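In what follows, a single structure is set out as structure tokens and then discussed.
There are 2 protein chains.
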Amino acid sequence: METQEQITTKIVLDSWYSRIDSADKLFNGLTDDQLLQEIAPGKNRGVYLLGHLIAVHDKMLPLLDFGPQMYPQLNDPFLAKPDKSVAEILSVQELREYWNATNVKLTAHFNTLQAEEWFQKHTSVTTEEFINEPHRNRLNVILSRTNHLSYHLGQIALLKK
Amino acid sequence: METQEQITTKIVLDSWYSRIDSADKLFNGLTDDQLLQEIAPGKNRGVYLLGHLIAVHDKMLPLLDFGPQMYPQLNDPFLAKPDKSVAEILSVQELREYWNATNVKLTAHFNTLQAEEWFQKHTSVTTEEFINEPHRNRLNVILSRTNHLSYHLGQIALLKK
Chain A
3 METQEQITTK IVLDSWYSRI DSADKLFNGL TDDQLLQEIA PGKNRGVYLL
53 GHLIAVHDKM LPLLDFGPQM YPQLNDPFLA KPDKSVAEIL SVQELREYWN
103 ATNVKLTAHF NTLQAEEWFQ KHTSVTTEEF INEPHRNRLN VILSRTNHLS
153 YHLGQIALLK K
Chain B
3 METQEQITTK IVLDSWYSRI DSADKLFNGL TDDQLLQEIA PGKNRGVYLL
53 GHLIAVHDKM LPLLDFGPQM YPQLNDPFLA KPDKSVAEIL SVQELREYWN
103 ATNVKLTAHF NTLQAEEWFQ KHTSVTTEEF INEPHRNRLN VILSRTNHLS
153 YHLGQIALLK K
């Protein structure tokens, strides 16, 4: 018999993993050349959104108290700055590798957590705040980042022929 | 002191309402003419995605055991058929009204549920299946539809100037 905590954690993590799986299939089905195209005229390129997703997922490591970011060098070109404002960015091939490595690392950490640890606070909320805002927990971070991923997947999917 | 059930329900519903709010702002910020444009060359029009989102949300009424769909006439043009395959669809103005009415109706039903009722099964799973698959509950429907909404919001946002 599963506890309510286990059921909830499963629902939220299943949703995360299913979108990561969709993203993997989508990226693997697009060539480097396709990823270098704009998703719509004058809008972000696929490669920018890939780098952006890596940076956002990488930042989940410190936010969930799992350790430092792996690729802080992506924050400036893919979070602080808009697309096409940086002269040289990483190659699509490197970004594909970083994407996989980031998600593998997150999964390894997720697997170490017991259900109840998902209900602990994330690192950008203080212990005092958390007393009155107990919904600001790790699970909420996953929920929010899953929706962020869905948002951009809808855009990257436009690159498909 | 909130229970785990209350905290979880709040997290998932907050995420839903925040995307509905984003969608309302996005639709209200686009003119009818903008919504009649394709999100990218050769892709779905904004108006099709609006109709599609209404139909998917409307179907949540029976799925969550709240009653029948309000607008079953949208299923054919916005779920069964692709965009630009139906000669005449509803006006953007009518669809804007249906969008609001659908979400108002859902909110009214959501507000009647106690936290523990969100952990009850949805209507497309049988009582027998639910014993072994207790994650197929109402909350899971909200999670899934929130991500579906995020996916299409990322696309509709491309219509902004």
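Respectively, the protein sequence lines represent chains A and B.
Using my numbering, read the first sequence as starting at 3 and increasing by one per residue.
Using my numbering, read the second sequence as starting at 3 and increasing by one per residue.
Backbone N, C-alpha and C define an ideal beta-carbon position, used for all residues, glycine too.
On a predicted model such as this, the values are computed, not experimentally measured, just so you know.
Item	Value
Please name the residue or residues paired with K123 of chain B in a DSSP beta bridge.	B:N139
Could you give the distance in angstroms between the alpha-carbon of R47 of chain A and the alpha-carbon of H154 of chain A?	11 Å
Using the Cα positions of Y19 of chain B and L145 of chain B, report the straight-line distance between them to the nearest angstrom.	11 Å
Which stretch, first to last residue, makes up the alpha helix (DSSP H) that contains Y73 of chain B?	That residue, Y73 of chain B, is in no alpha helix (DSSP H); it is neither H nor E in DSSP.
Determine the DSSP secondary structure at E40 of chain A, reduced to helix, strand or coil.	strand
Which residues in the same chain as N77 of chain B place their Cβ atom closer than 7 Å to its Cβ, once the five residues preceding and following it in sequence are excluded?	A57
What's the call for N102 of chain A, buried or exposed, on a 16-neighbour Cβ count within 10 Å?	exposed
Taking the alpha-carbon positions, what's the D60 of chain A to S87 of chain A distance?	22 Å
Over the uninterrupted alpha helix (DSSP H) stretch that includes N30 of chain A, give me the two end residues.	Q6 to N30
By the criterion of Cβ-Cβ separation under 8 Å, what are the contact partners of Q75 of chain B in chain A?	Result: empty, since nearest Cβ-Cβ is about 26 Å, beyond 8 Å.
With burial defined as no fewer than 16 other Cβ atoms inside 10 Å of the residue's Cβ, what is the status of T109 of chain B: buried or exposed?	exposed
Near H134 of chain A, which residues of its chain fall below 7 Å by C-beta distance, leaving aside the five closest residues on each side in sequence?	It is Asn, not His, that sits at residue 134 of chain A in the sequence shown. Answer for N134 of chain A: no residue qualifies.
With respect to the alpha helix (DSSP H) encompassing E1 of chain B, which residues constitute its N-terminal and C-terminal limits?	This structure cannot settle anything about residue 1 of chain B, because the visible part of chain B is limited to 3 through 163.
Do K107 of chain B and L63 of chain B have their C-beta atoms within less than 8 Å of each other?	yes
Here's the rule I'm using: 16 or more other beta-carbon atoms within 10 Å means buried, otherwise exposed. How should L81 of chain B be labelled?	exposed
Checking the sheet assignment: what are the DSSP bridge partners for R98 of chain A?	According to DSSP, which records beta bridges pairwise, R98 of chain A is partnered with nothing at all.
Measuring alpha carbon to alpha carbon, tell me which residue in A:E99, A:L115, A:T148 and A:P136 is nearest F68 of chain A.	A:L115
With 8 Å as the threshold, decide whether the Cβ of K45 of chain A is near any Cβ in chain C.	In the structure shown, chain C does not exist; the protein chains are A and B.
Are the beta-carbon atoms of T11 of chain B and W120 of chain B separated by less than 8 Å?	yes
To the nearest angstrom, report how far apart P165 of chain A and L55 of chain B are at their CA atoms.	Coverage of chain A is limited to positions 3 through 163, which leaves residue 165 of chain A absent and any answer about it impossible.
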